[in-house]
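Notes follow the structure.
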Amino acid sequence: MTVGQARKALAHMALATALVAVLSHVPAYAQGTGPDPIAGQVAANPDARLLVEADELVYDNDRNTVAAVGNVEMNYDGRTLQADRVTYDRNTGRVFAQGNARLTQADGTVVTGDRFELTEDFRSGFIDSLRVEQPVVDAGRAATGRFTAPRAERIEGEQTVFERGTYTTCEPCADNPSRPPLWQVKAARIIHDTEEKTIYYENATVEFAGVPIAYIPYFWSPDPSVRRKTGFLTPTPIVSQTLGTGARVPFFINLAPNYDLTLRPAYFDRQGFLADVQWRHRLMTGSYSIRAAGIFENDPAAFDRREPPEGFDESRGMIESVGRFTINPRWSFGWDVTLVSDRFFLSDYGLGNASISAISTYRSEAISSLFLTGVGERSFFEARGYYFKGLSAVDFQKHQPLVHPVLDYDRRFEAPWAIGGEIGVTANLTSLSREAAQFQGVNRNETLIVTPGLQANYPTCLVYDRDCLAFGLSGAYTRASIETSWRRRFVDDWGQAWTPFAYARADAMWFSPNLTGFQNANVATFTGSDDDFHARVMPGIGLEYRFPLAGDLLGGTQVVEPIVQVVARPDETLVGKFPNEDAQSFVFDDTGLFEWDKFTGFDRSEGGVRGNYGLQYTYSGDGGLYLNAMLGQSVHLVGRNAFAQRGLLDIGSGSGLEDRFSDVVGRLEFSPFTGLRAGARARFDKDDFSVQRFEADMTGRVGPLTATVLYARLSPQPELGYTTAREGISASSTLYLTRNWFVTGDIDVDLDKYRNDTSRGLDSDAITAMTIGGGYEDECTIFTVQLTSKPIAGATGGQRYNRTLLARLELLTLGEVGFRQDLSQDPLGRNQRQ
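Residue numbering for the sequence shown follows my numbering, starting at 20 and increasing by one per position.
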């Protein structure tokens, strides 16, 4: 019979019925049901058609069999069965596929064997020389699960038993397929239970490179594609000077498809039992989680916190919660909340938290917030409240403000046709309170307040005068601001771009000082002792001019663009009357040269007439070649220079804008080819062009090396307390020694400290933070080891380090193990943690 005739064999109902039964009950990894490499009941598509291709069909009336012979290929509902011969025995109702039998499922699973012997409903049977390759995804990584066995048995559609089976996700060696994979599990029997969605291993041995390293009489694991199943997670052993020797043993409880519970209990022989539980719940409109941890310490003094004396209470703990909900496509709300018994609990017990933000190399804080956001096509609204919890020894919690709340609104829309252009509306409301005022002295006008009863030592001023900066005032502060703006761009026949603009901003402020306790009485020196209400209006008009000149050069395109801008406003009023809460960080560089108001935030408002001008050059070539450079300056033309006005914080001093002619700012960005980029920005003294501020960075990948380097140098600012230059470099890189082996590291170096003590070289004081490590990674295995060293700043200025050794081994889809060793120890054998 020809192939064409064989295709017409569908008319033979006996063979067609049998093959449909086979192919409609073949294995399939259904999402959420767990993979069964040999079987799994999948309902057949009633509209599907069976297509049979073979060299011939053979009818044996004596034996009552029908066979498709020679290059057999059967397609049904996305599944394909290939073999040299497929026979249906009508007497026994069994189907036999022989000779290079290969079954390919719709999800990509490939089952091969020398011989398939199955019942027509495919619920029971045997397969000889079985090999299964199943695509799976674990933690976002694609992999292939590989089962092999000399013989496998399918029992009543519920279990598949691999006799002398093996399992791995490693690819076989291309040059030598008989070589053992990097790792595999060999077991006397591997039982896959489709009802429980679990794989059981009996008398199992874990092998690395063919060498047995562990014998496990019995263990089980969920299906590789099962994402939620009750059971133990991988334990983590911990060795610490302060905690002792112990382990964290997580247990996951799958209560329902949309909520679960995770227990992470830990026991340390020095401190005792740590309870840790997390609840997660997904609803129709969002999800939330709640986590709580706590311990009654056996040996609180082990942490050796000499200053400040906090953390010696035996009961410690934390509660955190994260929620995200959608009201409709434009509106959403949520929260991030972290409450801790003390600022060191999270770091002492290695409990990670997404709300922790690094303020600097030495300091961190937990930011709790509650928010409501709305996003339109050209509008944005956000209401957010904040609670800041300092987590470093130098933090005094009563200095932290409680923000209740911050409201931001921004809307852009087309202006009426009579004026054209774009109109913008921006509004902000900030309301906060602080229990204790925060001062910092400069030019030797500083002292340290020691308050053991309050568990804090914090700096303040000797004399509350010009050399005393008020970073935060005690009391209640509320400010409301609204700004409207208009701009329109005109391009003439020469290509010159003219952009006139205008804006007006109104601010109102209420401040009620708290003058009792701590250093709060000194707030009256800055703002007076009475409740205050102030209001101001700042209008402004301006014009920006650009003339881009483009041309071809050396196979690329270059653009030379002069830019000139003039902004006219009245002088700033009420300087020093508004507490400066949102404009404390100010840097004058190329990014702010053409801002209408160069102050950040709303508490300060730039006044006077100012001109800004610069020249920008851009070159774009083939292969990712790119160059951009800009150089510019700002000139105060008329009125009172806002950056020469002190306010509560002298943020204008040393900024480069306090004089009539500002310092010169510039930037340079360069990419020789795709994948490598370097950039720099600098501020130069207007008189001698000496570098006042310089930042440079480079990132990219060249061959096996991926690296990022950051460098910064800031000139002294004695008016703000910085009497020496600050200079540092940070670098991180990963180098692949081979396709799979790599080394990695990052380092932060305080070059100022190194320069002041060159005899000691790059010692632990100059290296402020460092991580070195390496590992191995391929399609089935991840192994990493890391040594980290991070500084801890003491409240009296001392510096010590947390040093930790971390190791992690992951066998993809099977599980992972980790190890953590605390190496922070001083000469007396005590842990160096404050």
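Here a beta-carbon is modelled for each residue, glycine too, at the ideal position from N, C-alpha and C.
Item, Value
"Own chain, CB closer than 6 Å to T497, minus 5 neighbours either side, in chain order", "S450 and W529"
"Neighbourhood of P56 by C-beta distance below 8 Å, restricted to the same chain and skipping five residues each side", "Confidence is the limiting factor: at P56 the pLDDT is only 41, short of 50, which leaves the residue's position unreliable, though a coordinate-based value still follows. If we look at P56 and ignore the five residues flanking it on each side, its Cβ neighbours are P46, T128, V130, V151, Q153, G164, F166, T179 and H211."
"Buried versus exposed call for Q515 [16 or more other C-beta atoms within 10 Å across all chains shown]", "exposed"
"S672 - containing beta strand (DSSP E), residue span", "Unbroken run through S672: none, as it is neither H nor E."
"Cβ shell of V22 (< 8 Å), same chain only, five flanking positions each side left out", "Summary for V22: the model assigns pLDDT 40, below 50, so the residue's position carries little reliability, and this model does not support an answer."
"Same chain, Cβ closer than 6 Å to A569, five either side skipped, listed in chain order", "V578"
"Between the CA atoms of S500 and G643 - distance to the nearest angstrom", "44 Å"
"Check whether N336 and A312 have beta carbons under 8 Å apart", "With the sequence shown as reference, residue 336 is identified as Gly, and Asn is not the correct amino acid for it. A contact, by the Cβ cut-off of 8 Å."
"DSSP three-state assignment for K596, whether helix, strand or coil", "coil"
"Three-pair Cβ contact test at 8 Å for the segment 700-712 versus the segment 668-684", "yes"
"Member of Y477, S504, V268 and N541 whose CA lies at the smallest distance from the CA of L492", "N541"
"E465 to R696 span [Cα, whole Å]", "43 Å"
"Among A321, L391 and P348, the one whose alpha carbon lies nearest that of W354", "L391"
"Residues near A826 by beta carbon distance below 6 Å, same chain, minus five either side", "V804 and F838"
"Through-space distance from Q416 to Q538, alpha-carbon basis", "14 Å"
"Beta bridge counterpart(s) of S504 as assigned by DSSP", "G443 and Y522"
"Residues that DSSP places opposite Y234 in a beta bridge", "T224"
"Simplified DSSP state of L274, which is helix, strand or coil", "strand"
"Pairwise C-alpha distance: E835 and S690", "40 Å"
"DSSP beta-bridge partners of P241", "T217"
"Cβ-based neighbour list, Y741, same chain, cut-off 7 Å, excluding 5 preceding and 5 following", "P735"
"Expected contact under 8 Å - CB spacing of A223 and I235 to nearest Å", "5 Å"
"Pairwise C-alpha distance: Y368 and D147", "52 Å"
"A750 versus T757, A446, F115 and T787, residue with shortest Cα-Cα distance", "T787"
"F315 beta carbon near the ligand NAP (any heavy atom closer than 7 Å)", "Among the ligands in the structure shown, none appear at all, so the ligand NAP cannot be discussed."
"First through last residue of the alpha helix (DSSP H) which encompasses F545", "V542 to T546"
"L70 versus A87, N83 and D79, residue with shortest Cα-Cα distance", "A87"
"First through last residue of the beta strand (DSSP E) which encompasses D367", "Segment F364 to D367 is the alpha helix (DSSP H) holding D367; no beta strand (DSSP E) there."
"Length-filtered (3 minimum) beta strand (DSSP E) runs lying within the segment 683-717", "683-692 and 695-703"
"Member of A785, R403, P241 and T445 whose CA lies at the smallest distance from the CA of V155", "P241"
"Straight-line gap, P737 to Q457 (C-alpha atoms, nearest Å)", "20 Å"
"Neighbour-count burial assignment, E396, 16 or more Cβ in a 10 Å radius", "exposed"
"Per-residue burial, T185 [other beta carbons within 10 Å of its own, 16 or more giving buried]", "buried"
"Residues bridged to R246 [DSSP beta-bridge criterion]", "Beta-bridge pairing links R246 to no other residue."
"Beta-carbon proximity list for I560, same chain, < 6 Å, skipping 5 on both sides", "A521 and A587"
"N119, DSSP secondary structure in three states", "strand"
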